[in-house]
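First the structure, in the form of structure tokens, and then the observations on it.
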């Protein structure tokens, strides 16, 4: 591709390119990916918008420090193979982050072009380059891995933190084995995030790429039961724990154990990991409601409610106790949900799940809330309005109000220091209270994002490498 | 992959599979279970480990073919394989160190109570097993349990052993002796009846719960049961619980969540089979 240099004025005149999407009415009834990606033309135009700032603020906004102006500049110059090599050098899972990162609060928020107009669509370009890379693997010069170090590292969990750490560690020449509790690698990327937002074939391909680079993965191994942490530590020179968030939190309201109440973890795992949306072709069933209420305002709540719509719900409703401004979900997910006809009941708190005499859910009784003074999170605290109870009719209720730390691993590792919530404590290098044992992702942070977990994986990999060189 | 070493029909619809799972065979303890995933498109189902042979690297699973997934598992032949077996999961049984315990097993639950009886007798505890089924051909694990102690067999139709429910025999043993604990595994109504029977005697009663489960590691919360008024996850807090505190009505109700869909799955796979036969 020949690229003509364009003037600064022309560059500034290019508007932010729009992502191509499936029509809302169509996509709300299928599980295919909503976003269709950039064409080569759109990608080139968008890349040309980047000013290639010397002190690139966007990089500071990225938890894995992708050199954004470099790869976007390579796209603008028509060097896709170069862009792919550059991006993959910085980010082990670009096809994933290009789809699920909250760019609007990270790289794109800091983009200079956003000061006057729209920021460069970093996420869309990342996705474009990562997808190109998946189809043109042979054309990409990958970094030559370091010579074998003779050191063995175990990674617990094959979600975003574990995969990222493993990818970085094999690059440094270490012998890496990931232990995964489920039957398929990918962690939350497989069981949690739906097909319509992150196709599972993409996760499989990203995992395979890491395996080709030398990462070994053993599924069906639960650290804490199949092997204890001390057993693992004895067999490896270092361990990285990234076993994720774990146990779903329920609200402790009456009726939560009625038939038709799901945790978001269970609902999404049935549909995503076990393909219950194809039941009875797949053996795992999921209850399909006509009226589904999802409690929560995060990405997991959005994923659940949009899944409900795709499973055939006539009415799929978000019940959230604060207002839209406080919703932790990605802006794009909220926007997509609205386009798909999701109903938002804001400033409401669940009081009780109501059921019929056969113990099936019939509705969610809620109470209206008003916003009071800011709380510890800096968000205005919701305060109940007296006598404001009302019922949202529902046959399925999905609880998506967060998770707490899984105790399976930590219970068998008494030396591992935990905080009061059961999350593992680490220093700024990601090392735990046990020398040589590192941790990152949700087991340290509580429920957070894919990219923050990946950032932890990258930080820990660097620290593990330094630890092993000193060892 | 986990090779099927042997498959034995113990009773109508009840099959014993001996499966290669070396690590689990080495470390599993009484009361623990595994999650079995036969292969692509299969369900993940929890199965309590009935026995193991650490030297041979095998575990024993006793499966009642009640739905499509269990039927698919019992259809496996020696040499076939199960793709995924994860575990051992759940807390091991709290075994007495001395005294006299009763192990009550109903139907396929008898295979689950067997490792408990085995563990108890290894601890030097006197074991009386009371096992039952609807009729003679549904009584399993009698010989194995006899090696652990005394066995009382009950059948609903009187075709073998005593005529009547396990609870009647249980009452007599409770009245007769100094019993330190009762362990009961079987259908929910049986476990509930056992717990009600032992309550006035004040005998500690442990039941093994088998609710709907996906991951077996605490992640899905589908296996939640109410114990002593609080929600517990059977996979990580159990599967064994204090029978006097379990809300059995809720457990039985929740076990019915997928009944209609299960029938659909069976009907659908039967239809597929017929198509296969006509070709």
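Chains as they are written, first to last, in the working numbering: chain Z, 260 to 730; chain V, 2 to 280.
Cβ atoms here follow ideal geometry from the backbone N, Cα and C, with glycine treated the same way.
For residue i and residue j, I'd like the C-alpha separation in whole angstroms.
{"i": "residue 267/Z", "j": "residue 303/Z", "result": "15 Å"}
{"i": "residue 229/V", "j": "residue 515/Z", "result": "16 Å"}
{"i": "residue 420/Z", "j": "residue 501/Z", "result": "6 Å"}
{"i": "residue 293/Z", "j": "residue 380/Z", "result": "17 Å"}
{"i": "residue 657/Z", "j": "residue 265/Z", "result": "52 Å"}
{"i": "residue 275/V", "j": "residue 654/Z", "result": "Bear in mind that a pLDDT of 49 at residue 275/V, under 50, signals an unreliable position, so the model cannot answer this."}
{"i": "residue 138/V", "j": "residue 31/V", "result": "26 Å"}
{"i": "residue 729/Z", "j": "residue 723/Z", "result": "10 Å"}
{"i": "residue 541/Z", "j": "residue 458/Z", "result": "17 Å"}
{"i": "residue 408/Z", "j": "residue 434/Z", "result": "8 Å"}
{"i": "residue 158/V", "j": "residue 532/Z", "result": "45 Å"}
{"i": "residue 681/Z", "j": "residue 333/Z", "result": "45 Å"}
{"i": "residue 277/V", "j": "residue 270/V", "result": "The pLDDT assigned to residue 277/V is 39, lower than 50, so where the model puts this residue is not dependable, and the model offers no usable value."}
Considering only residues of the same chain and omitting the five flanking positions on each side of residue i, which have a CB-CB separation below 8 Å?
{"i": "residue 673/Z", "result": "none"}
{"i": "residue 189/V", "result": "249, 252, 253, 256"}
{"i": "residue 198/V", "result": "168, 171, 172, 175"}
Answer with buried or exposed for residue i, where buried requires no fewer than 16 other C-beta atoms within 10 angstroms of its C-beta.
{"i": "residue 191/V", "result": "buried"}
{"i": "residue 249/V", "result": "buried"}
{"i": "residue 78/V", "result": "exposed"}
{"i": "residue 10/V", "result": "exposed"}
{"i": "residue 272/V", "result": "exposed"}
{"i": "residue 568/Z", "result": "buried"}
{"i": "residue 665/Z", "result": "buried"}
{"i": "residue 447/Z", "result": "buried"}
{"i": "residue 590/Z", "result": "exposed"}
{"i": "residue 261/V", "result": "exposed"}
{"i": "residue 289/Z", "result": "exposed"}
{"i": "residue 626/Z", "result": "buried"}
{"i": "residue 216/V", "result": "buried"}
Please report whether the beta-carbon of residue i lies at a distance below 9 Å from any beta-carbon of chain Z.
{"i": "residue 237/V", "result": "yes"}
{"i": "residue 287/V", "result": "Since the first residue of chain V shown is 2 and the last is 280, residue 287/V is not available in this structure."}
{"i": "residue 184/V", "result": "no"}
{"i": "residue 1/V", "result": "Residue 1/V cannot be examined here, being either before or after the span of chain V that is shown, 2 to 280."}
{"i": "residue 28/V", "result": "yes"}
{"i": "residue 146/V", "result": "no"}
{"i": "residue 259/V", "result": "yes"}
{"i": "residue 227/V", "result": "yes"}
{"i": "residue 198/V", "result": "no"}
{"i": "residue 234/V", "result": "yes"}
{"i": "residue 70/V", "result": "yes"}
Tell me which same chain residues have a C-beta within less than 6 Å of the C-beta of residue i, skipping the five on either side of it?
{"i": "residue 19/V", "result": "6, 7, 59, 61"}
{"i": "residue 518/Z", "result": "618, 619"}
{"i": "residue 346/Z", "result": "330, 353, 388"}
{"i": "residue 720/Z", "result": "424, 427, 428"}
{"i": "residue 534/Z", "result": "541"}
{"i": "residue 261/Z", "result": "Note that residue 261/Z has pLDDT 46, beneath the 50 cutoff, so the model's placement of it is unreliable and no number is given."}
{"i": "residue 130/V", "result": "104, 118, 146, 152"}
State yes or no: is the beta carbon of residue i nearer than 9 Å to at least one beta carbon in chain V?
{"i": "residue 485/Z", "result": "yes"}
{"i": "residue 261/Z", "result": "Caution applies to residue 261/Z, whose pLDDT of 46 falls short of 50 and renders its modelled position unreliable; the value that the coordinates give is listed next. It does not; no Cβ of chain V falls within 9 Å."}
{"i": "residue 711/Z", "result": "no"}
{"i": "residue 563/Z", "result": "no"}
{"i": "residue 480/Z", "result": "yes"}
Output needed for residue i: all residues of its chain with C-beta closer than 7 Å, excluding positions within five of it in sequence on either side, in chain order.
{"i": "residue 239/V", "result": "91, 92, 210, 233"}
{"i": "residue 659/Z", "result": "523, 553, 554, 555, 557, 559, 560, 563"}
{"i": "residue 491/Z", "result": "413, 482, 498"}
{"i": "residue 550/Z", "result": "572, 573, 574, 652, 653, 654"}
{"i": "residue 350/Z", "result": "323, 325, 356"}
{"i": "residue 508/Z", "result": "660, 661, 662, 663"}
What did DSSP end up calling residue i once you bin it into helix, strand or coil?
{"i": "residue 613/Z", "result": "strand"}
{"i": "residue 620/Z", "result": "strand"}
{"i": "residue 245/V", "result": "coil"}
{"i": "residue 413/Z", "result": "strand"}
{"i": "residue 652/Z", "result": "strand"}
{"i": "residue 713/Z", "result": "helix"}
{"i": "residue 298/Z", "result": "coil"}
{"i": "residue 53/V", "result": "strand"}
{"i": "residue 309/Z", "result": "coil"}
{"i": "residue 568/Z", "result": "helix"}
{"i": "residue 290/Z", "result": "coil"}
{"i": "residue 107/V", "result": "strand"}
{"i": "residue 222/V", "result": "coil"}
{"i": "residue 626/Z", "result": "strand"}
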